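Asks: Can you read through this structure? Questions will come right after.
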Ligand SMILES: [Zn+2]
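Residue numbers (my numbering): 747 to 1047.
Spelled out as structure tokens, the structure:
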């Protein structure tokens, strides 16, 4: 492993544009900066922490505002004419409704994109509206000619990641990478590209948004889940989330909730599900348990 160093938090502006964490790491061997909390590759090909980094930082920040989305736009075959059997496209297994005829490579690519979105969304059991949102983003990207030179797999992964965030059912970058056919760095790259080029607004994910899914993956019941949600909310109110990635906060809240509910759940187990390191969970646990008034926790300290 090459030389790595933590970026010191003397300069408060240096935080992850994605999750707000100040836990950033420079990997000198790869000349890149990534966020240790959410895994986002923030800058690549850095020579030093010069203008590129600052430009990126302020540009991303200015684009962060809450957004909502509601859309139903999925039908790919508008305005099609000359029939070509879509069934002949290798590797395509289309839902019956899509078994239509298409005209050109562009349409075939779009159908492949929809198939990819569906495949990943099914793996996540995502509702239809999120698949539709991702499909519509893809269509928009096509119209803006933003998809050339990038693989369909990387584009659909990035767009699904965006849609999940916009609908407040965020998936971690690591989760997206697990079901995607491309790597995390490539998804990070395409994700940043689309935010910029399509001027998309993606609000920072809230720790609470991650709690239900992590709890269900850990087989923790509703009692622990609501307790963890309560702790995550308290942490936000107390501003303990500033400069901290939401995933680590969610993980620590779950760890605490499980502990006070008498169900033993190790930091390792939570780490496996959340995809943040045990060290991060430990650090967040320390902060939350020290700063928040959690009555039930007292008997453990
Ligand atoms: Zn981050």
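Glycine included, each C-beta is placed from N, C-alpha and C at the ideal position. Since this is a predicted model, take the numbers as computed values, not measurements.
Consult DSSP for residue 698 and reduce its assignment to one of helix, strand or coil.
Replies: There is no way to answer for residue 698, as the model of the chain reaches only from 747 to 1047.
Asks: Report the rounded CA-to-CA distance for residue 923 versus residue 902, giving the unit in angstroms.
Replies: Stepping through the chain shown from its first residue, residue 923 is reached at position 177. Stepping through the chain shown from its first residue, residue 902 is reached at position 156. Residue 923 and residue 902: Cα-Cα distance of roughly 11 Å.
Asks: To the nearest angstrom, how far is it from the Cα of residue 925 to the Cα of residue 883?
Replies: Position 179 of the chain shown, counted from the start, is the residue given in the question as residue 925. Position 137 of the chain shown, counted from the start, is the residue given in the question as residue 883. Computed Cα separation, rounded: 19 Å.
Asks: Which of the three DSSP states is assigned to residue 1027 in this structure?
Replies: In the chain shown, the residue the question calls residue 1027 occupies position 281. In the structure shown, residue 1027 sits in a helix (DSSP, three-state: H, G or I).
Asks: On the DSSP letters alone, give me the boundaries of the alpha helix (DSSP H) that residue 919 sits inside.
Replies: Residue mapping note: residue 919 aligns to position 173 of the chain shown, counting from 1. First-last of the alpha helix (DSSP H) with residue 919: 919-925.
Asks: Which residues have a Cβ closer than 6 Å to any heavy atom of ligand 1, listed in chain order?
Replies: 762, 764, 765, 767, 781, 783, 784, 786, 991
Asks: So for residue 1002, helix, strand or coil by DSSP?
Replies: Numbered from 1 along the chain shown, position 256 holds the residue referred to as residue 1002. DSSP places residue 1002 in helix when its eight states are reduced to three.
Asks: With distances taken between CB atoms, is the gap from residue 984 to residue 953 smaller than 8 Å?
Replies: Along the chain shown, one-based indexing puts residue 984 at 238. Along the chain shown, one-based indexing puts residue 953 at 207. No.
Asks: Locate the beta strand (DSSP E) running through residue 778, then write down its first and last residues.
Replies: Numbered from 1 along the chain shown, position 32 holds the residue referred to as residue 778. Looking at the DSSP string, the run of the beta strand (DSSP E) that includes residue 778 is 778-781.
Asks: Between the Cα of residue 987 and the Cα atoms of 946, 1038, 906, 879, which residue gives the shortest distance?
Replies: Along the chain shown, read from residue 1 onward, the residue named residue 987 stands at position 241. Among 946, 1038, 906, 879, the Cα nearest to that of residue 987 belongs to 1038.
Asks: Can you look up residue 851 in the DSSP assignment and give me helix, strand or coil?
Replies: Position 105 of the chain shown, counted from the start, is the residue given in the question as residue 851. Looking at residue 851 - three-state DSSP - the assignment turns out to be helix.
Asks: What are the start and end residues of the beta strand (DSSP E) that includes residue 788?
Replies: Within the chain shown, residue 788 is the residue found at index 42, counting from 1. Start and end: 787-789.
Asks: Could you give the C-beta distance for residue 1052 and residue 769, rounded to a whole number, given that I count them as a contact under 8 Å?
Replies: This structure leaves residue 1052 out entirely; the chain is present only between 747 and 1047.
Asks: In terms of alpha-carbon separation, which member of 1020, 775, 1036 lies closest to residue 916?
Replies: Taking the first residue of the chain shown as 1, we reach residue 916 at position 170. When each option's Cα is compared against that of residue 916, the closest is 1020.
Asks: Hey, residue 1009 and residue 970 are a contact pair by Cβ (cut 8 Å); roughly how many whole angstroms apart?
Replies: Working through the chain shown from its first residue, we reach residue 1009 at position 263. Working through the chain shown from its first residue, we reach residue 970 at position 224. The Cβ separation is near 6 Å, so the contact holds.
Asks: If contact is defined by three or more beta carbon pairs under 8 Å, each pair taking one atom from either stretch, is the region 889-905 in contact with the region 938-948?
Replies: yes
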